[in-house]
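Numbering (UniProt numbering), first residue to last: 1 to 670.
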Amino acid sequence: MAETPATLAGTTAGTTTPASGGHHHHPHLHHMGKRLRYFFRPDGRKVRIAGSPDEADQLRKTLSHTEKEGDFDLVIHGSPEHIEALRHTHAHHEDRHRQLKEEHGDLADEFERVIRELDALSTELHMISEHSVQLDANFSKYGYSAHLRTKDDESRATSLYGDSSSSFDKDQWHAERKLGTTMRLYQKPIVRQYFHKGLLWRAREAQEVASYELFIDLFYVGIIAITGDTAAEHPTGESLLRFIITFVMGWKFWSDISVLISWFDTDDILRRFSVLFILTCLLGFTTNMSAAFEHTYAPLVAFYLAARLFIALSMFWYAYQMPMVRGSIIGNGIVNIIPAALWIGSIHVHEPARQGLIWPAMALDIFGQTIMIAFQRGGGWMSGRFAEWCKTTFEFFPGTNIEHRIERTNAFVTLVFGSCVLGILYQSNVEFGINAFYGKAVLGLIQAFTFNWLYFEIDSFNLHTHAIRRHVFSALTWFSIHLPFIMSFVLSAGALAVLVRAHDSPDSPVDSLYETFIPRSEEHLEPGLRWFYCAGLGIALACMGVISRTHVYKQIPNQRLRKNKRITVRFLISIVIILLPLAEDHLNSLELVATTTGLVLCVLFMELIGSTCTDQSIWWDKECRKKCQYSAKCQVSKKELEASMKNGTVLNVEEIAKREGGEKGGVGQV
């Protein structure tokens, strides 16, 4: 009986978690619905299972280096060979089970009962042990964390004598499927995930992005695009200063809503009205941006503070409703209120003294949550009594849901890239409009597409541990660096729109533009516009390098260029792009856009080529160019081969297979 469970030891990779040293996860625990990767025949021979012919070919290559030839059988999942091996092994253990029942009787029944109870206890230990959290898909995508816990619904909790939560009741599923749900006006808030003594407790299921969250992103992206276009119309230092201030203030609208939705679960009607109120404040804030530093600064700050103070009031209400995280929520509410005094004071002060209140207020708004995290985590910089007070007050504090935050950020960045492409669109007024205007627009499109490629595919590929899960410092860096990244890209995109319409280069007749675009076409490029475009693009590229550096990537043997070296080259190219305006009038708009696009493409090609291995072709897989073939392993003696070579005869493979009773470890490549 001790060897029987070993036949079911190999489940699909990524579906089991390692057991902790203190709690052994018994191998006889069956994982329902998980495909086996291997099992053992009655004679001890291992049967490897591949999901497809391609996987079988790759597995055969791998096993040829790790296991001896002839020590295993390789079959494809669902093939006749696979079914025959399973039936043969199953029949053997059925006979063995029947034999033990006949020989030992009551002892065998008692042993089976103990096995069942051990399975139930092992399941319970598996759910609560430090290294066995039921978030394997999450670990596979974002990296493993030994400090993560899940809380299951009590109705689905595993019991010693009840049904396992991994089991599937068809009748219950059909019954629950017919029942609908209602949305209430008010629902008591629930903290989605929280930290307690260094451990993150959260729900097992992933938090989905709500439809109104995407609406918020779309609305906000349209607003920040306006700020970039407004700054590019007057590319001066004062315009840049106003752009940074209004952009950061607008950014806080988006981040505050994201925090509320990520921390607290209140899927009710009141939540929707709360979001609508904040969006109304954002709309009022936007209508006062253009003339904010001449006539409309007071209403601009008023709408901003209305949203910020509403967030603080919501925090205090959540603190009242959830005593467990009360200390932390009150602290975050106070952090929102303190900068309000500086903002109110800035209304009554004129320029340039006003800047002395604006920048400290913005710093507190941006880094307020970081300061709260420092108090919540504690440290050696605190005195003993104060550290003890913080430990007691902030024993529980909310945490960020990694899937939700990443999906929200990815959706937002996607919309930013897409909205910035709108700036390069123009209308032609001639029959054949393939000219410098069109060329600059194409180059701008290539830039946006390349940035999208780098951010979502290159820098997110082969992730071992995401920055949020890696360390608190990497997580804070990942959160914070997105602000300058998006701000720089938006500023660059606004300047690019002006460069595309400029007619300072050859083959760019201004009368080829549609009549509404002619007044917006520039004949001469201002130095500030060049700096806005190049500095914005270069800083955005460097920020992407910082974002990539916060992650931990999987190691690839014999890689042409390691990730750290590729990021270093990316930083150097960013510096080159930032310094391009020093060329001044030596580069017209077409040459400037073409140069920056070429440099951005160099980063892309370096990433694509550098990530490959030295022993592999850059262009294609060599196996793809081979003809279809069939390979099999059969034992032929050296004497037979020498005799065949001497006599010039051909060995009959079918006769060898019949002599051996079948192929061993054969793989078909079709």
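Glycine included, every Cβ here is placed at the ideal spot set by N, Cα and C.
A quick note: this is a predicted structure, and the numbers were derived from the prediction, not measured.
How big is the Cα-Cα spacing for residue 29 and residue 92?
Annotation note: pLDDT 41 at residue 29 (below 50); position unreliable, no value reported.
Residue ranges of each beta strand (DSSP E) run of no fewer than 3 residues wholly in the stretch 452–534, ordered along the chain?
463–465
Would you call the stretch 75–87 in contact with the stretch 45–55, where contact means no fewer than 3 C-beta pairs closer than 8 angstroms?
Verdict: yes, contact present.
Rounding to the nearest angstrom, what Cα-Cα distance links residue 370 and residue 585 in this structure?
The alpha-carbon atoms of residue 370 and residue 585 are separated by roughly 44 angstroms.
Give the straight-line distance between the Cα atoms of residue 439 and residue 82, rounded to the nearest whole angstrom.
Taking the straight line from one Cα to the other gives about 58 angstroms.
Inter-stretch contact (C-beta, 8 angstroms, three-pair minimum) for the stretch 339–346 and the stretch 357–370:
yes
Look up residue 353 in the DSSP assignment and say whether it is helix, strand or coil.
coil
Cutoff 6 angstroms; reference residue 24; Cβ partners in own chain excluding five residues on either side
For residue 24, the pLDDT reaches just 42, beneath the cut-off of 50, and the residue's location in the model is therefore unreliable, leaving the point undetermined.
Are residue 340 and residue 305 touching if we call contact CB-CB under 8 angstroms?
yes
What is the rounded straight-line gap between the Cα of residue 301 and the Cα of residue 214?
26 angstroms
CA-CA distance, residue 280 and residue 366?
Each residue's alpha carbon lies about 22 angstroms from the other.
Please state whether DSSP places residue 187 in a helix, a strand or coil.
Here residue 187 sits in coil by DSSP.
Among the candidates 453, 454 and 482, whose CA atom is the shortest distance from the CA of residue 467?
482
At which residues does the beta strand (DSSP E) containing residue 50 begin and terminate?
For residue 50, the enclosing beta strand (DSSP E) covers residues 46–50.
Apart from the five residues on each side of it in sequence, which residues of its chain come closer than 8 angstroms, Cβ to Cβ, to residue 560?
609, 610, 611, 612, 613 and 614
What does the Cβ neighbour count give for residue 642, buried or exposed, with the cut at 16 atoms within 10 Å?
It counts as exposed.
Counting along the chain, where does the beta strand (DSSP E) carrying residue 432 start and finish?
Here residue 432 belongs to no beta strand (DSSP E), and DSSP marks it neither H nor E.
For residue 338, the residue or residues it bridges with in DSSP:
Partner(s): none; residue 338 has no beta bridge.
Range of the contiguous alpha helix (DSSP H) that encloses residue 385
384–393 is the extent of the alpha helix (DSSP H) around residue 385.
Let me know the secondary structure DSSP gives residue 265 once reduced to three states.
strand
For a test of the three-state rule: what should DSSP assign to residue 209, helix, strand or coil?
coil
Assigned secondary structure, residue 409 (DSSP; H/G/I helix, E/B strand, else coil)
helix
Helix, strand or coil for residue 548? Go by DSSP, reduced to three states.
Residue state, collapsed to three classes: helix.
Beta strand (DSSP E) segment containing residue 397, residue limits
Looking at the DSSP string, the run of the beta strand (DSSP E) that includes residue 397 is 396–398.
I think residue 514 touches residue 427, with their Cβ atoms under 8 angstroms apart; what is that distance to the nearest whole Å?
4 angstroms
May I have the straight-line CA-CA distance separating residue 478 from residue 209, to the nearest angstrom?
20 angstroms
Proximity of residue 469 and residue 262 at Cβ, strictly below 8 angstroms
no
Alpha carbon to alpha carbon, how far is residue 198 from residue 251?
Going by C-alpha positions, residue 198 is about 30 angstroms away from residue 251.
Residue closest to residue 568, alpha-carbon to alpha-carbon, out of 598, 537, 595 and 606
606
Three-state secondary structure assigned by DSSP to residue 72:
Strand.
Looking only at its chain, what residues have a beta carbon closer than 7 angstroms to the beta carbon of residue 448, apart from the 5 residues adjacent to it on each side?
417, 420 and 421
Mind pulling the alpha helix (DSSP H) runs of 4 or more residues that sit fully within the stretch 206–253?
211–233
Three-state secondary structure assigned by DSSP to residue 553:
strand
Suppose you measure from the CA of residue 227 to the CA of residue 52; what does that come to, to the nearest Å?
52 angstroms
By Cβ distance below 8 angstroms, which residues in the same chain neighbour residue 516 in space, the five residues on each side in sequence not counted?
Taken in chain order, the residues that qualify are 427.
Classify residue 202 as helix, strand or coil using the three-state DSSP reduction.
strand
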